[in-house]
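Below is one structure, written out as C-alpha cells, with a few remarks after it.
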Amino acid sequence: MINRRWHAVAAAIAAAGLALSAPAAVQAAEPAPAAKPKTMLLVHGYNPDPPTKCNVSTWDEALAYYQESGGRDRSTMRTIGYYAGDAEYCDDVIGDGKATRERPIQDIAKDFANHIYEKYTSKGEEVDIVAHSMGGLITRVAVLGTREGWSGFPPKVAVEDIVTLGTPHQGLINGCGDPDADPNDKCTRQWNQMTPKDEGGSGFIEKLHESAPGRDDRGLDDPWAAGIDWSLVGSIEDETVSYYSGIDKGYFAHQKYGYDENITAGCSDPNVSHGNLRQLKGAGGFCLRYWHHGADGGPYTTENGWSPLKVAFKAATYKGDDLPR
C-alpha cells in the first residue's frame, strides 16, 4: 500500500523465483517454520457504563473472524482493558485496573505505553494495534508521550502498525463543556477531553494538531510517529464521531478508509455505525472510499469494499492493498 509494502511483495516474488531454479535436493529440504505473527492488541473505547466486555460483546466478532478467516491463533491477539471491572472480560488490564471515566486519557495512555514496553518492547517484540474510538486516542498518546519523553512514560515502544476505527481525532459530534457540573450526567472528564475546544472542550484534541499540517504539529507524518504505519477508518453513518474526524481530514495518515453510502446513487451497505466499526465483517459489499500514501494514492471508490474488520486486519497485518479498483 505504501512503497515499503510493495518492496516486500517484490522481495517475496524474487525469493519464489530463486526457489524454482534451485537444485532438486534444495527444493526437497524441510521448509523453515513460519515466523510467529506479531501480537495484535485490541483496545476498546469509551464506555458509558463500565466494565467493558472485551471478549464477550466488544471484540467478540473480531476475535472469531480473525481466527476463522484470518488464520490467526487466539494466543496472538490480546484484548486490552482499563476500566474498573474490565479484568473479568479482557485479556489484559493496564494500570491499576480501577480507571473510571474521570481518569484523563493521557494517564491511561501512559499505562498502555508501559504495558507495551514491559510485555513486548523490552523483550525485543513489536506489536500491532487495532483500536476503537477513544482507544485510538489512548494509542496515539501512548506513542506520542513515549517519544516526546513525557514523565512516567517508558523509554520506548515498538509498534509497527496502528489502525483506528471511529477515533475522534478531531473530536466528538456531541461533546460537552463542563465535566464538573453534574457528576451524574454524560459530561465526564474523558468525554470533555474528546470535545473540540470551540464547543467547550478541554483543548486536548487541539494539542494533537498544534500547527499547520505537514509541519511539527504532532501529526502522524512528524518524527515522533516515524516507523509506524497508520491507518484511519471513519464512517458517514457514525453518529458519535464524524466521518472527517474519524479519518482526521486534512492531516496525514498512510492509509485512510471511509465508509460512505453516498459514493454512488445506488450504493448501500449494512449500517456502519460507531459500534459496528468494530463488529462488521466480510470481504465485500461495502461502500468504501480509500486513499493511501504514494504517487497512485487515490482516492479510490468501490461498492464492493472490505468490511471494517477486514480493513483493520489487512492494515494491521501488513498484507498490502488488493482492494477492488
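Just so we're aligned: the sequence shown equals residues -28 to -1, 1 to 297 in mature numbering (1 follows the signal peptide of the UniProt record, and there is no 0). Note that beta-carbon positions come from the ideal geometry of N, C-alpha and C, so glycine has one too.
Per DSSP, which one or two residues make a beta bridge with residue i?
{"i": "W202", "result": "I134"}
{"i": "W263", "result": "K228"}
{"i": "Y61", "result": "Per DSSP, none; premise fails for Y61."}
{"i": "Y55", "result": "A71"}
{"i": "T273", "result": "R261"}
{"i": "R44", "result": "The partner list for R44 (beta bridge, DSSP) is empty, contrary to what the question assumes."}
{"i": "R50", "result": "L13"}
{"i": "D220", "result": "None; D220 has no bridge partner."}
Assign residue i to buried or exposed, taking buried as 16 or more other Cβ atoms, counted over all protein chains shown, within 10 Å of its Cβ.
{"i": "F285", "result": "buried"}
{"i": "A153", "result": "exposed"}
{"i": "V213", "result": "buried"}
{"i": "G96", "result": "exposed"}
{"i": "A287", "result": "buried"}
{"i": "D157", "result": "exposed"}
{"i": "S203", "result": "buried"}
{"i": "N19", "result": "buried"}
{"i": "R46", "result": "exposed"}
{"i": "A(-7)", "result": "Because the pLDDT of A(-7) is 33, which lies under 50, any placement of that residue in the model is unreliable, and the question is left without a value."}
{"i": "S105", "result": "buried"}
{"i": "G238", "result": "exposed"}
{"i": "R(-25)", "result": "Here the model assigns R(-25) a pLDDT of 40, short of 50, so the residue's position is not dependable, and the following value carries that caveat. Classification of R(-25): exposed, given that the 10 Å Cβ count is below 16."}
{"i": "S29", "result": "exposed"}
{"i": "D150", "result": "exposed"}
{"i": "D100", "result": "buried"}
{"i": "G222", "result": "exposed"}
{"i": "K10", "result": "buried"}
{"i": "A(-18)", "result": "At A(-18), the pLDDT of 36 sits below 50, so the modelled position is not reliable; the number obtained from the coordinates is stated separately. Looking at its Cβ environment, which holds fewer than 16 other Cβ atoms inside 10 Å, A(-18) is exposed."}
Is residue i helix, strand or coil when you go by DSSP?
{"i": "A(-1)", "result": "Residue placement at A(-1) is poorly supported in this model, since its pLDDT is 47, which falls under 50; the coordinates are not used for a value here."}
{"i": "A284", "result": "helix"}
{"i": "L35", "result": "helix"}
{"i": "residue 324", "result": "This structure cannot speak to residue 324, because the chain is shown only from -28 to 297."}
{"i": "M106", "result": "helix"}
{"i": "D189", "result": "coil"}
{"i": "I177", "result": "helix"}
{"i": "S207", "result": "strand"}
{"i": "D268", "result": "coil"}
{"i": "V244", "result": "coil"}
{"i": "D83", "result": "helix"}
{"i": "G213", "result": "The sequence as given places Val at residue 213; Gly does not occur at that position. Looking at V213 - three-state DSSP - the assignment turns out to be coil, as it is neither helix nor strand."}
{"i": "I88", "result": "helix"}
{"i": "D100", "result": "strand"}
{"i": "C26", "result": "helix"}
{"i": "L252", "result": "coil"}
{"i": "V113", "result": "helix"}
{"i": "T93", "result": "helix"}
{"i": "D157", "result": "coil"}
{"i": "Q165", "result": "helix"}
{"i": "W196", "result": "helix"}
{"i": "E182", "result": "coil"}
Could you say which of the options lies nearest to residue i if we only look at CA atoms?
{"i": "I235", "options": "G222, C259, N248 and E120", "result": "C259"}
{"i": "L144", "options": "V283, G17, E275 and L13", "result": "G17"}
{"i": "R250", "options": "P9, I52, A7 and L14", "result": "L14"}
{"i": "F224", "options": "E33, G147, T118 and A198", "result": "A198"}
{"i": "N86", "options": "A71, G117 and G57", "result": "G117"}
{"i": "F125", "options": "G257, K221, D100 and D83", "result": "D83"}
{"i": "D21", "options": "G57, H265 and D100", "result": "G57"}
{"i": "residue 299", "options": "Q227, Y89 and T274", "result": "Residue 299 lies beyond the residue range present for the chain, which begins at -28 and ends at 297; the question has no answer from this structure."}
{"i": "E182", "options": "Y215, Q162 and H141", "result": "H141"}
{"i": "K282", "options": "P195, G42, G191 and E233", "result": "G42"}
{"i": "V129", "options": "S123, A114, T139 and L180", "result": "A114"}
{"i": "V102", "options": "A7, C159, N276 and M49", "result": "M49"}
{"i": "residue 303", "options": "K221, D241, G191 and I219", "result": "With the chain covering -28 to 297 only, the question about residue 303 has no answer from this structure."}
{"i": "T289", "options": "A36, R44, C148 and D32", "result": "R44"}
{"i": "H226", "options": "R190, W263 and R73", "result": "W263"}
{"i": "A36", "options": "V205, T273 and K253", "result": "K253"}
{"i": "E178", "options": "I200, Y215, D220 and N146", "result": "D220"}
{"i": "P280", "options": "E98, V205, A7 and M12", "result": "V205"}
{"i": "N146", "options": "E120, S123, G121 and G173", "result": "G173"}
{"i": "D193", "options": "E275, R161, H265 and G53", "result": "H265"}
Query raised in the report: So, do the stretch 58 to 70 and the stretch 20 to 29 have three or more beta carbon pairs nearer to each other than 8 angstroms?
Result: They touch, by the three-pair rule.
Query raised in the report: Are the stretch 163 to 177 and the stretch 117 to 135 touching by the rule of at least three beta carbon pairs closer than 8 angstroms?
Result: Contact fails: fewer than three Cβ-Cβ distances are below 8 angstroms.
Query - Touch test, the stretch 77 to 91 against the stretch 109 to 118, Cβ-Cβ under 8 angstroms, three pairs minimum - result: Taking a cut-off of 8 angstroms on C-beta distances, the stretch 77 to 91 touches the stretch 109 to 118, as three or more cross pairs fall below it.
Query - Cβ contact (3+ pairs, closer than 8 angstroms) linking the stretch 200 to 220 and the stretch 245 to 253 - result: Contact between the stretch 200 to 220 and the stretch 245 to 253 is present: three or more C-beta pairs spanning the two stretches fall below 8 angstroms.
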